[in-house]
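Structure first, then comments.
Now the structure itself:
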């Protein structure tokens with residue numbers, strides 16, 4: 002397992018991964034975080050999510066997927082809902098999803114964000130340990146989001162002599 006800083010979606014578009022795994026709730030929303038970006042960039046992933054039963058707690062620990070050219074997007078159902086504050090990430094669901102990904106894509110280059118640790122509120126140290134245990138024998142890269150530098154920002158001197 003490797004760790005990198007950058008933009009997972011841009012790295013995927015550049016061909017760095019065969020599979021991108023991201024966390025989803027069970028309500029077919031993809032309305033925030035990286036899921037929202039995936040929905041916009043890879044609409045087939047959202048369509049795949051929408052073919053699953055909305056709100057079904059039994060989706061936890063499973064995934065839906067979509068093939069986009071040579072890239073597979075995995076919608077991992079790692080939390081039941083998105084509402085309210087506090088932890089929504091389900092560690093058992095994360096583990097189950099990653100176990101399935103390791104079995105289903107054993108030779109793939111896998112990229113994933115800090116799954117379950119952003120809006121889902123999970124503890125990153127706990128989740129990273131799960132990733133190491135379940136995907137440690139695969140070609141996996143955890144990408145810590147780092148936005149590209151804003152090229153339009155520049156320092157201007159407004160002082161007067």
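Numbering (the numbering used here), first residue to last: 2 to 162.
Even glycine gets a Cβ: it sits at the ideal position worked out from N, Cα and C.
With a cutoff of 9 angstroms on beta-carbon distance, residue 143 and residue 4 are scored as near each other. Within the DSSP secondary-structure output, residue 25 pairs in a beta bridge with 78.
Here residue 76 is near residue 31, since their CB atoms are less than 9 angstroms apart.
Contact annotation: residue 9 and residue 114 have beta-carbon atoms nearer than 9 angstroms. Residue 22 and residue 74 have their C-alpha atoms spaced approximately 6 angstroms apart. Sixteen is the threshold: when 16 or more other Cβ atoms of the shown chains lie within 10 Å of the Cβ of residue 26, as they do, the residue is buried. For the 9 angstroms CB-CB criterion, residue 67 and residue 79 do not form a contact. Residue 50: member of the alpha helix (DSSP H) spanning 44-51, first to last residue. When 51, 128, 18 are compared, the shortest CA-CA separation from residue 64 is found for 51. Around the C-beta of residue 71, fewer than 16 other C-beta atoms lie within 10 Å, and the residue is accordingly described as exposed. The beta strand (DSSP E) runs of length 3 or more contained entirely in the region 86-119 are, from start to end of the chain, 110-113.
According to the DSSP assignment, residue 63 belongs to no alpha helix (DSSP H), since it is labelled neither H nor E. Partner residues in the beta bridge of residue 141, as assigned by DSSP, are 111. The Cβ atoms of residue 90 and residue 139 do not sit closer than 9 angstroms to each other.
Secondary structure note for residue 3: its beta strand (DSSP E) is the uninterrupted segment 3-7.
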